[in-house]
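Chains as they are written, first to last, in the working numbering: chain A, 3 to 408; chain B, 181 to 471. The beta-carbon is built from N, C-alpha and C at its ideal position, and this holds for glycine as well. Worksheet for the structure shown next.
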């Protein structure tokens, strides 16, 4: 009998171990992607300002964060407040799983940029927190070695190509341009700046048909393919590494380099510039715009508190505190670039200036699939399986299929 | 007494039964149900029954067939090498000789290390300018961009898999070798049989059940290859390393087509089951013929 009792006890212990820990009554559950040293001080400050409120922070990673959020929403146990990357937004917006914040954020409309990321019609389902874009990074030492003026980064496609060609000629493992291979959700951000800058589009204004098959996009892809001759092919990590090690002349990359370079390659002399445009008299310095959005879910238990915490986090001083500590993003607040932190850091300021001509991607439910189609077809062209014209036409046909599905 | 011992048995089994029901049977049944619907985890309320439409969609999807073909190549390209390497290693480290243990441990070690860690190490090894390139460069051999070249990406992952899995199957072969009665070898030696004859007439025939086990288990495991792809290539380049499980993961967690992904999982299950049955039959039929 003793043995039965023991076994039953073991089973009970197992069940008890499987039951989730009860959360405290006044606890706001906040899921986010920042390291603890970046986010915790802000959250503690919120708690100090709001006695009785306690925030439980759970840190997600970009590798599996979306899986965790999805599982939590499916299980009916979403966090109260959650940080979502802009690429996650279209599917979540279409799902109806996000809490409508239209009324709660009405007064913030003019003070933040990036509402495009969380809007469906006039309804708003989140709050832009920090934004990110891509710009041109160039190595000043290699510029000097190739007898190029390192104070004048290339502004047009021709200047870019010429600079890359000169640097490529240096040899000894040095390359001119870093052409991105198909890293999912990365190649898109490296290629589309050229297409957008050239006047290319992806979807019609009504988001119901493809506008991808255009001479502008073909021309942009042809230029991107041409850069292979004066550069190297690689995944983003590899290209960033080459850049940090001083073997890559130019590449389009993101502000995370501004944080990594001082730590990992303190001796590197580099500059940041706007993405070159097709020519002085046409096109623009376009780029990709994304960001981090704060949302609450329809199934969240403490929506009011979540909104209160979100409003606290997007205050100019708090968003700046996060962005200046993280350095890989910029605050969504209008006028953030005038803060002393950015005035003293021209490279960071370029990122904010680049933002002015950067494109947000549309909130179409199939957006990530559309992005993947573009990446797959550009990749076909990069591997010479298709001509630029063919790849653009095929991508367009596949996008039409996706948006026709609805 | 009988009722008592039955109760005891159930009570003792209950932790396992409970865990199996919660983490095994329930997800199993759930995914079968989900595969017949358009279930999306983020809008579970609007789920509709779609019958076999997901299965039909998979069977007509170019991407699914591409993933299946890649997985097929992976299985065909890695299992023979893994099996031969494991058998060779087992035969090499079975006889007792001084310093045998470090070899056994060394060969088995990769199986103890997390696949993610191994994949990260190999990703560095295969990277342009990585150790492998340096080695080939020193030998004046051309170094392809292993994981970026559509021709070499899948073989590169296969090579890593063969290297990391051989040690594990070596242990299983060793167990099989130990179970072969010593006197058979002694008798064969007395009859004048050489090493080759002993291998082909005693060792290999008697290892057949072990071989069947290794083949079936390794096939099922190889059909499920995911982590290596997730860490090293994310399905690229040109979709050449998109395996079935990676494809269904993308469908489930990037596109939120969990109903469709469940159908793909069940198709893979059916294929695994079919292959396992065929392999068992083939090995058993031979065994019967030998008898």
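Q.
Does the stretch 192 to 212 of chain A come into contact with the stretch 220 to 227 of chain A, if we say contact requires no fewer than three beta-carbon pairs (one atom in each stretch) closer than 8 Å?
A. yes
Q) Along chain B, in chain order, which residues have C-beta atoms closer than 7 Å to that of residue 206 of chain A? A) Those do not exist, as residue 206 of chain A stays about 22 Å from chain B at its closest Cβ, beyond 7 Å.
Q: Express the C-alpha separation of residue 151 of chain A and residue 47 of chain A in angstroms, rounding to a whole number.
A: 47 Å
Q.
Counting only beta-carbon separations shorter than 8 Å, does residue 327 of chain A have a partner in chain C?
A. The displayed structure is made up of protein chains A and B, and chain C is not among them.
Q.
Once DSSP output is grouped into helix, strand and coil, what is the label at residue 250 of chain B?
A. helix
(Q) Could you check whether the Cβ of residue 208 of chain B sits closer than 7 Å to any heavy atom belonging to the ligand ADP? (A) With respect to the ligand ADP, the structure shown offers nothing to examine, as it has no ligands at all.
Q) Which parts of the stretch 233 to 294 of chain A are runs of the beta strand (DSSP E), unbroken and 3 residues or longer, counting only runs that do not cross its ends? A) 233 to 236, 250 to 256 and 272 to 275
(Q) Per the DSSP calculation, residue 57 of chain A is bridged to which residue(s)? (A) A/30
Q: Could you say if the stretch 186 to 194 of chain A and the stretch 372 to 390 of chain A meet the contact criterion of at least three C-beta pairs nearer than 8 Å?
A: yes
(Q) Here's a check: name, in chain order, each residue in its chain whose Cβ is nearer than 6 Å to the Cβ of residue 464 of chain B, leaving out the five neighbours to either side. (A) none
Q) Quick one, which of A/143, A/101, A/30 and A/160 has its alpha-carbon nearest residue 228 of chain A's? A) A/160
Q. Which residues in the same chain as residue 491 of chain B place their Cβ atom closer than 7 Å to its Cβ, once the five residues preceding and following it in sequence are excluded?
A. Nothing can be reported for residue 491 of chain B, as the shown portion of chain B is limited to 181 through 471.
Q: Indicate whether at least one CB of chain B lies closer than 8 Å to the CB of residue 97 of chain A.
A: yes
Q | Touching by the beta-carbon criterion (3+ pairs, under 8 Å), the stretch 312 to 326 of chain A and the stretch 38 to 46 of chain A | A | yes
Q: Please determine, among A/212, A/380, A/391 and A/366, the residue with the shortest C-alpha to C-alpha distance to residue 90 of chain A.
A: A/366
Q.
Strictly by DSSP, which residues pair up with residue 177 of chain A?
A. A/250
Q: For the beta strand (DSSP E) holding residue 361 of chain A, just list the boundary residues, first then last.
A: 360 to 362
Q | Distance CB(residue 254 of chain A)-CB(residue 347 of chain A) smaller than 8 Å | A | no
Q. Is the stretch 99 to 112 of chain A in contact with the stretch 252 to 269 of chain A, if contact means three or more CB pairs nearer than 8 Å?
A. no
Q: Would you mind listing the beta strand (DSSP E) stretches within the stretch 77 to 142 of chain A that are 3+ residues and don't spill past its ends, in chain order?
A: 83 to 87 and 129 to 141
(Q) For residue 58 of chain A and residue 81 of chain A, what's the separation of their Cα atoms in angstroms? (A) 10 Å
Q) Do we get a CB-CB distance below 8 Å when we pair residue 396 of chain A with the residues of chain B? A) no
Q | When A/116, A/79 and A/122 are compared against residue 93 of chain A, the one with the closest alpha-carbon | A | A/122
Q.
For chain B, check one thing: does any of its Cβ atoms lie closer than 8 Å to the Cβ of residue 75 of chain A?
A. yes
Q. Is the stretch 341 to 354 of chain B in contact with the stretch 284 to 291 of chain B, if contact means three or more CB pairs nearer than 8 Å?
A. yes
(Q) So, at 7 Å on beta carbons, what are the nonlocal neighbours of residue 3 of chain A in its own chain, with the 5 sequence-adjacent residues on each side left out? (A) The predicted position of residue 3 of chain A is uncertain, since its pLDDT is 46 and thus under 50; a value taken from the coordinates is nonetheless stated next. Once the five neighbours on either side are set aside, residue 3 of chain A has no close Cβ partner at all.
Q. On the three-state DSSP scale, how would you describe residue 21 of chain A?
A. Only weak support is given to the placement of residue 21 of chain A: the predicted model assigns it a pLDDT of 49, under 50, and the question is left unresolved by the model.
Q) For residue 375 of chain A versus residue 404 of chain A, is the C-beta distance shorter than 8 Å? A) yes
Q.
Between residue 186 of chain B and chain A, is the shortest Cβ-Cβ distance under 8 Å, so that the two count as touching?
A. no
Q) Under a three-way DSSP split, which group does residue 316 of chain A fall into? A) coil
Q: Please confirm if residue 266 of chain A has its CB atom under 8 Å from at least one CB of chain B.
A: no
Q | Touching by the beta-carbon criterion (3+ pairs, under 8 Å), the stretch 386 to 398 of chain B and the stretch 254 to 270 of chain B | A | yes
Q.
Residues in the same chain with beta-carbon distance under 6 Å from residue 226 of chain A, minus the five sequence neighbours each way, listed in chain order, please.
A. 193 and 196
Q) What is the rounded straight-line gap between the Cα of residue 338 of chain B and the Cα of residue 400 of chain A? A) 32 Å
Q.
From the DSSP secondary-structure annotation, give me the bridge partner or partners of residue 297 of chain A.
A. A/84
Q.
Could you check whether residue 281 of chain B and residue 349 of chain B sit closer than 8 Å to each other, using their CB atoms as the reference points?
A. no
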